[in-house]
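Just so you know, the protein sequences line up as chains H and S, in that order. Just so we're aligned: 88 in my numbering is position 88 of the first sequence, and the numbers increase by one with no gaps anywhere. Just so we're aligned: 710 in my numbering is position 234 of the second sequence, and the numbers increase by one with no gaps anywhere. By construction, the Cβ of each residue, glycine as well, lies at the ideal position given by its N, Cα and C atoms.
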Amino acid sequence: MSAPLIWIGLPLMLAVFLLLLPRERLVTALGTVSALLLTGIAYWLPPDTTQRLGSLSLRIEPSLTLLGRQITLDAGDQTLLMLVYGTAAFWFFGTFAVGQARQIVALGMAIIALLMASLAVRPFLYSALFIQVAVLMSVPLLASAKIKEKAHGSAAQPSVRGLLRFLISQTLGMPFILLAGFLLSGIEAGPADVAQVIQASLLLLLGFAFLLAVFPLNTWLPLLAEETSPYTVGFLLTMLSTFGLVLALNFIDRFSWLRNSTQLPTVLQFIGILTLVTAGVWAAFQRHLARIAAYGLLAEIGVSLLAISLPDRQIGLQILFSLLLPRTLALGIWTMSINILQTQTGDLRFAAVQGLVRRYPLATAGVIFSNLSLAGTPLLAAFPFRQTLWERLALQSFPLAFWFGIASLGLWLIALRTLAVLTMSPDNVEWNSQETWPQRILLSIGLLALFLLGSFPQLAQPVLTSLPTMFEFLGK
Amino acid sequence: MFVILSLSILLLTLLVMAVLRLTRRPAAFSWLAAALGALLSWASTPLWQIDLPTRLPVSSWPFSTLFHTTPALQADSFSWLYAISLVALASAVVLTSPARLAVLSPISWFGAVALGLVGLLAVMADNILTLSLMWMAIDLLEYLNTLRMTRSSSNSERAVISLAFRAAGTGFALWAAVISARTGLPTSLQQTPPEAWLFLLLAVGLRLGVIPLHLPYRQDLALRRGIGSSLRLTAAATSLVVLARLPAGDVDETIRIFLLALVALAAIYAAWKWFSSSDEISARPYWIIGMSALSLAAALRGNPQGSAAWGVSLVLFGGLLFLYSSRQIWLTRLLAGFLLCLLSLPFTLTASGWLGNFPWPALFWPLFLTAHVMLIAGYIRHLSRSGDTPLSELPRWSQVSYPLGLATLMITVLLTGLWGWPGSLQIGNWSVALLMVGLTIPIGIAYWKLNRFLPTPEEQSTLAQVSHFVRFQEFLARLLWAIYRLFRRLVEYVSSLLEGDGGLLWTLLLLLILITALRGL
């Protein structure tokens, strides 16, 4: 059996099967167990490695040829496979608390498989196509999770502006990356034609700017978050941004002139800090819980770009990958909590969610602590890595560190503002939790994990130390 | 490792209390567990002296190349001093609580013990990172406790504002860590560079817990006396402990004089407000500001022992007064006698308080000594008012536990004056001590004699007006809120442009500007 069949083919088939299942809980259970199984297989039977089981010798072939193209997942991809399917299991499990299992689990499984294929396909140029298919697959996922706004007491038609812009933005990214790949294929070893290199770089930059939703190409994200189920958006965009970043790193790793370019760190730094600061400052003035979470995600994209831009690539990659787990955890809990509040109020504007803490204490805690975690608050999951990134940015440039601080301040401010709104209950209201048991259990586990990772980041070490080695040059 | 013993006792106590709560045992069991655990932990703290200084085996963070700093805990004589006072406070809060609470509150005892535990860890923090972690833990404990107790939306909002100020303090500490990292120096607090020192000072100031002055749950006196005192004093102590560790001698002379002038003003203002307030609980923020100012002034004089002495006095003497709700004449006289230990007399806790000299002695000595006198005068005044309940009216077991709780604080005052840290068994600046005795005794006598002519606290509270400082704070808050709303309108306008029908065009324009800017890099 080949690795692409196990980690790409099987999930695709499973996605179709899950779509046909009648009961939501069954879909969640099956999806979660399957994702965990795929994680387990990646751990115990990594691709292209022979494992002995008594007299039995097991080996998973790394490659599969499809329509003349090769899809390869080798031993270097082991940690990524574990991380991706482990993360998927986390998000799928969350549907126990928020519902929408059929969309998130079934379509989500297919999207993850396609994104995995985008990293595995050779020639590399075809990655953009797989990403585009994944984006198209996410349209029904997002459309099915649309919120019908209650306007003046009657149900109005849901807005689709955010969804359309998401589709346009992600689709526009594809031709840029394809064109850049086409131009770059001629100059893999070294830049012969300077003009061609500049053109390719610009196209690549634009392609990834669209794909990663950096400033100013990210106006669709808050809109989408406002219009659609927050948990669905959280899941989809966490996955898309993670794969987008890994794909960008693959490009940097592959072309030596790009890898060794002196301008690249400066450009990444500029775009990164711009994205981070605009997201942090914009977040500070929002009055809609889902929009705040969207800006939190945008800020994380900026943080990732800043980590890649560090002069010490090894350290940069370690920070980047170390932040993946806290980010997924925080966004998962954040959007799950918002979803729970939305089910109750139907509206996520501050005026509608005011004083919900006494009826939804854990969901409130989920919203606040996740937000604080992504703001780099001590004791919470992202803190150790954000703080070290901040310190390393200060070593490079003081203004850069200052702006990083301003962005974090914006996220802190809005967390405290949200806290003030959610805790302003009418006088003498008793504590009476209305969360369901699955919601309580999932949120409690998630919050505990946020604190545990913040105090003991070494818990994530086994998963994350080997991730940078998936890159041939950057990781060494 | 006796440090671990004390920590383990507190941790075990918390676990036992949690189990008792889950198994729905009567509240009295929880009280007994909390009291025993806190007392045992307090009794074990002197044993730390056997192996001081010592580093605690904290599991360090991974990826040694990645982190400039990882958490580190070190117990030295200063941390011992603060630790014993914090555990004494926790014991006193638990032991005296039956006298205050008509309904027993296991959660407040749990909170007191938990605060004791986190407080111990915080005073042992060896670098800014560890300090920030512990500060945040204390802030969360305080906030959750406040949220649980408040029943009105205005109090909830104030609790968030209070948390925001504390968080801002932690933010400044993190910024100080960033500045320290830039210098590439080792990360210990003792080696903090002067540039970072100032930000840490700001962090300490914001974290004293006195802003905003309109505190939450002010209506519930019993809780404010008990867990409220524990929260306020622990937060202040875990901030002030930093001052004893910082290399204040490295601060530029001009900045030092400027800071001393500011601190002197704060000390005078707070001491006057403390003296003139109607009751000790409302005046508690002023006690904290006043004593912290003395602590800070000592640190700025390059006198870490003095700084620690004032910091610990804030906790111990503050604890004695704020927990003294069930009064009795002999107990009041005993506490008044204990005030001698606050006069910087030789061989007392505060003996080292006035060591070292100020840069402009003719200006600063009178200012700070006046503040000191007013703080003591205020203490005498608040001590002499009638309490909430007479001691004789308490149940018999409470009549035993209540004085025992106060005794833990009194014993700690005596012990720390005589043993265990560099400021103990000191003669100190005896001329200042004599001056203080000379000023305090007449004030005390005058107060006793004139007491009947002064308005009662009840009369005062009806006459009391909101102070200018509070009004200024409220004005500042309104101003900040107006600026915030102004910016929000701006952001919402830009968002509506970018997300509206013409948004794509605006985005493209911004993209072009960005590409042009990138070409210039």
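Give the straight-line distance between the Cα atoms of residue i and residue j, rounded to the nearest whole angstrom.
i	j	result
residue 507 of chain S	residue 570 of chain S	7 Å
residue 10 of chain H	residue 426 of chain H	52 Å
residue 883 of chain S	residue 766 of chain S	25 Å
residue 863 of chain S	residue 870 of chain S	13 Å
residue 335 of chain H	residue 878 of chain S	49 Å
residue 682 of chain S	residue 642 of chain S	6 Å
residue 184 of chain H	residue 981 of chain S	30 Å
residue 305 of chain H	residue 851 of chain S	54 Å
residue 113 of chain H	residue 395 of chain H	40 Å
residue 361 of chain H	residue 47 of chain H	44 Å
residue 143 of chain H	residue 233 of chain H	11 Å
residue 196 of chain H	residue 206 of chain H	15 Å
residue 774 of chain S	residue 832 of chain S	8 Å
residue 180 of chain H	residue 117 of chain H	20 Å
residue 462 of chain H	residue 400 of chain H	31 Å
residue 721 of chain S	residue 822 of chain S	24 Å
residue 90 of chain H	residue 390 of chain H	29 Å
Taking Cβ to Cβ, would you say residue i is nearer than 8 Å to residue j?
i	j	result
residue 913 of chain S	residue 810 of chain S	no
residue 498 of chain H	residue 416 of chain H	Residue 498 of chain H cannot be examined here, being either before or after the span of chain H that is shown, 1 to 476.
residue 606 of chain S	residue 549 of chain S	yes
residue 381 of chain H	residue 450 of chain H	yes
residue 246 of chain H	residue 119 of chain H	yes
residue 653 of chain S	residue 379 of chain H	no
residue 847 of chain S	residue 768 of chain S	no
residue 225 of chain H	residue 410 of chain H	no
residue 776 of chain S	residue 732 of chain S	yes
Per DSSP, what kind of secondary structure is residue i in: helix, strand or coil?
i	result
residue 781 of chain S	helix
residue 603 of chain S	strand
residue 56 of chain H	strand
residue 478 of chain H	For residue 478 of chain H there is no data in the structure shown, the boundaries of chain H being 1 and 476.
residue 999 of chain S	The structure shown does not extend to residue 999 of chain S, since chain S spans only 477 to 997, so no value can be given for it.
residue 216 of chain H	coil
residue 49 of chain H	coil
residue 551 of chain S	strand
residue 2 of chain H	strand
residue 465 of chain H	coil
residue 809 of chain S	helix
residue 669 of chain S	coil
residue 228 of chain H	strand
residue 425 of chain H	coil
residue 898 of chain S	coil
residue 803 of chain S	strand
residue 322 of chain H	helix
residue 360 of chain H	coil
residue 977 of chain S	coil
What are the residues that DSSP puts in a beta bridge with residue i?
i	result
residue 70 of chain H	H:65, H:122
residue 288 of chain H	H:349
residue 531 of chain S	S:550
residue 866 of chain S	S:803
residue 664 of chain S	S:603
State whether the stretch 895-910 of chain S contacts the stretch 592-602 of chain S, with contact taken as three or more CB pairs (one from each stretch) at a distance under 8 Å. no
With a threshold of 8 Å, are at least 3 pairs of Cβ atoms found where one atom belongs to the stretch 776-793 of chain S and the other to the stretch 892-901 of chain S? yes
Quick check: the stretch 25-44 of chain H against the stretch 70-86 of chain H, are at least 3 beta-carbon pairs closer than 8 Å? yes
Between the stretch 298-311 of chain H and the stretch 200-208 of chain H, do three or more beta carbon pairs fall short of 8 Å? no
Evaluate the contact criterion for the stretch 822-838 of chain S versus the stretch 747-765 of chain S: three or more CB pairs, one atom per stretch, below 8 Å. no
Any contact of the stretch 501-517 of chain S with the stretch 334-349 of chain H, i.e. 3+ C-beta pairs under 8 Å? no
Whether or not the stretch 586-595 of chain S and the stretch 480-493 of chain S are in contact is what I'm after, with contact meaning three or more pairs of Cβ atoms, one per stretch, closer than 8 Å; do they touch? yes
Three or more C-beta pairs under 8 Å: does that hold for the stretch 349-366 of chain H against the stretch 280-288 of chain H? yes
Across the stretch 661-675 of chain S and the stretch 628-639 of chain S, are there enough close Cβ pairs to call them in contact, namely three or more that are closer than 8 Å? no
Segment contact, 8 Å Cβ cut-off, at least three pairs: the stretch 623-636 of chain S with the stretch 418-432 of chain H: yes
With a threshold of 8 Å, are at least 3 pairs of Cβ atoms found where one atom belongs to the stretch 48-68 of chain H and the other to the stretch 434-444 of chain H? no
Should the stretch 3-22 of chain H be called in touch with the stretch 96-115 of chain H, which here means at least 3 C-beta pairs below 8 Å? yes
Three or more C-beta pairs below 8 Å linking the stretch 510-524 of chain S and the stretch 361-370 of chain H: no
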